[in-house]
Amino acid sequence: MAATPPRPRRSPSSARPRGKGHRGPDGIERFWDENIARVRKFRFRVSDSFANGPACANVVTITATLDGGTTMTIDCLTVYTVDDDGLITSFRAHWEPDRVMATLTSP
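217 is the number of the first residue of the sequence shown in the working numbering; add one for each residue after it.
Right, here's the structure in full:
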């Protein structure tokens with residue numbers, strides 16, 4: 217076994233409402249720069265969690281505060297899987313953009 221090269225891990229991708237997700241380091245970096253880096257503060261509330269072997273599904277509410285004080289709330293279901301080393305091999309978030317836009321508040 218020691219001579220066997222490590223099993224390649226899939227590049228995680230985050231789900232997009234329409235599209236094929238963000239894949240590989242460049243795609244994830246682009247997603248971060250375009251979406252996450254603009255948020256000043258996150259508040260995560262996990263209201264329920266379902267673990268099943270290497271996968272876990274979470275019922276989550278995320279409140280995001282942008283630099284100007286605008287807030288939005290994302291109700292979503294997140295699903296991730298891990299490998300034998302506990303490293304994430306996939307992550308998906310299922311949410312509805314129209315519901316998020318309806319929660320926008322200005323300071």
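For glycine and all other residues, C-beta sits at the position ideal for the given N, C-alpha and C.
None of these values were measured; they are calculated from a predicted model.
So what's ARG254 in DSSP terms, helix, strand or just coil?
coil
Mind checking whether VAL262 and VAL275 have CB atoms under 8 Å apart?
yes
Tell me the rounded alpha-carbon separation between PRO323 and GLY269.
43 Å
Local conformation of ASP314 per DSSP, three classes:
helix
In three-state DSSP terms, what is ASP264?
strand
For HIS310, count the other beta carbons within 10 Å of its own beta carbon; 16 or more makes it buried, fewer makes it exposed. Which is it?
exposed
Buried or exposed for ILE278, please, with buried defined as at least 16 other CB atoms from any protein chain shown within 10 angstroms of its CB.
buried
To the nearest angstrom, report how far apart THR281 and GLU312 are at their CA atoms.
18 Å
What's the C-alpha gap between ARG256 and ASP301?
32 Å
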